[in-house]
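Residues in the sequence shown are numbered from 42 upward in steps of one, following our numbering. We put the beta carbon where it would ideally sit given N, CA and C, even for glycine. What you are looking at is a predicted structure, and each value in this text was computed from that prediction instead of being measured. Notes for the one structure printed next.
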Amino acid sequence: MPLMNLAQLRALVAVVDRGSFTIAGDALGITQSGVSHAVAALEAELGVLLLHRERGRALPTDVGARVVVHAREIVFREERIRCEGTAAADLASGRVKVGTFPSVTARFFSGFLADFGRRFPGIDVALFEGTDPEVLQWIDSRTVDVGLVTLPSSRIEAVPIARDPFLVALPSGHPLAGEEVLPIERLAAEPFILSKAGCEPLIRGLFESARLPLHPRAEALDMGTILAMVREGLGVTILPALSLPPAYPGVQAVLLSPPTERRLALGTRSLGSLPPAAAAFVHEARQWGERSGDTTAAIPDGSAPLVPGERPPPVESTPEATEAIGYRRSP
42 MPLMNLAQLR ALVAVVDRGS FTIAGDALGI TQSGVSHAVA ALEAELGVLL LHRERGRALP
102 TDVGARVVVH AREIVFREER IRCEGTAAAD LASGRVKVGT FPSVTARFFS GFLADFGRRF
162 PGIDVALFEG TDPEVLQWID SRTVDVGLVT LPSSRIEAVP IARDPFLVAL PSGHPLAGEE
222 VLPIERLAAE PFILSKAGCE PLIRGLFESA RLPLHPRAEA LDMGTILAMV REGLGVTILP
282 ALSLPPAYPG VQAVLLSPPT ERRLALGTRS LGSLPPAAAA FVHEARQWGE RSGDTTAAIP
342 DGSAPLVPGE RPPPVESTPE ATEAIGYRRS P
């Protein structure tokens, strides 16, 4: 016994939309006679007339108008099923290129990537580390699919993933190291070491807002170099909490007053045009950040997390994570 099929329903919808068997055939990639045959077979199956011709146009009958409503829904659902299948296939073997900062790779992305690798073992993630301006350039040039950025940024579309408070880093024996909170005014007389990795505008803005002069004693790009200089008593610095390693002997971190933070996000040229694998990466990173609290950072020497919230599980070296992460210094 013949049964209606998707080809017949597509033909009906196409003719109603275009008012012509010939134009419908062109849209569907079949002949005019093929469209007529499909509609005729559907009418025979249902036992009713669905279309009639009037002044050179094909118009739906009353029952045809009611049937085409259901036909549209079926055709739409069939298209959505195909889209879901295509997206799933892309996720099974995708690749995501991500621009990031070294400090955040170690303190935030390492745990997230281990989790992402377990959830999506077929997606290869390639990390490219650089400074803030480098990451923005890679996003602009589409060298990376997504990149870590500091908000606000008018140049790109972004999804927030973490809030990272600023701290004051001092030598452990410094007279101010025992304070719980340090007003920025108390740093005015201290020799200052300025980070050039990307936070320089934010730090200079803090001093300008407090109407304090900033004359750095030294400037450095590498955070390890900066912390080594602090440890040796060459000066103090202000840095984001995620820039600090879990423990750094000889350096004490103190909360800054007024409280200041950088908002981290994953940015891209267009969120709507991301490939499925990259879209999944952004979605999972945002959820990881929400589950982990606003930041994964802690004050060195085992103090409590800076911001309330559940801390992520310890980072483990797993085969899944190793296979999922492709590490690069730069593109």
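Would you decide whether Glu-95 is buried or exposed? Buried here means 16 or more other CB atoms lie within 10 Å of its CB. Burial check for Glu-95: the Cβ neighbour count within 10 Å stays below 16, so the residue is exposed.
Distance, Cα to Cα, Arg-159 vs Tyr-289? Approximately 31 Å, taken between the alpha carbons.
Could you pull out every residue in the same chain whose Cβ sits closer than 6 Å to the Cβ of Arg-59, ignoring the five residues on either side in sequence? Hits under 6 Å: Ala-65.
Test item: CB-CB of Thr-102 and Leu-90 under 8 Å: Result yes, Cβ atoms of Thr-102 and Leu-90 sit closer than 8 Å.
Could you give the DSSP three-state label for Ser-151: helix, strand or coil? For Ser-151, the three-state secondary structure derived from DSSP is helix.
C-beta atoms of Pro-174 and Gly-239 nearer than 8 Å: Contact flag set, yes.
Considering only their Cβ atoms, is the gap separating Leu-275 from Ile-234 smaller than 8 Å? A contact, by the Cβ cut-off of 8 Å.
First and last residue of the alpha helix (DSSP H) that includes Ser-74? Residues 73 to 87.
Start-end ranges of the alpha helix (DSSP H) lying completely within the region 152 to 236, minimum 4 residues: Fully contained in the region 152 to 236 are the following alpha helix (DSSP H) runs of length 4 or more, in chain order: 173 to 181.
Might you give, ordered along the chain, the residues of its own chain that have their beta carbon closer than 6 Å to the beta carbon of Arg-312, omitting 5 neighbours on each side? Correcting the residue type first, residue 312 is Leu in the shown sequence and not Arg. Contacts found: Glu-198.
For the structure I just gave you, are there three or more beta carbon pairs, one from the region 181 to 190 and one from the region 246 to 263, closer than 8 Å? Touching, no, given that fewer than three Cβ pairs across the two stretches are closer than 8 Å.
Arg-303: buried (16+ other C-beta within 10 angstroms of its C-beta) or exposed? Under this definition Arg-303 is a buried residue.
In the structure shown, what three-state DSSP assignment does Glu-260 receive? Collapsing the DSSP output to three states places Glu-260 in a strand.
Since I believe Pro-143 is in contact with Glu-170 (beta carbons under 8 Å), could you give me their beta-carbon distance rounded to a whole number of angstroms? The pair is a contact, with the Cβ atoms about 5 Å apart (cut-off 8 Å).
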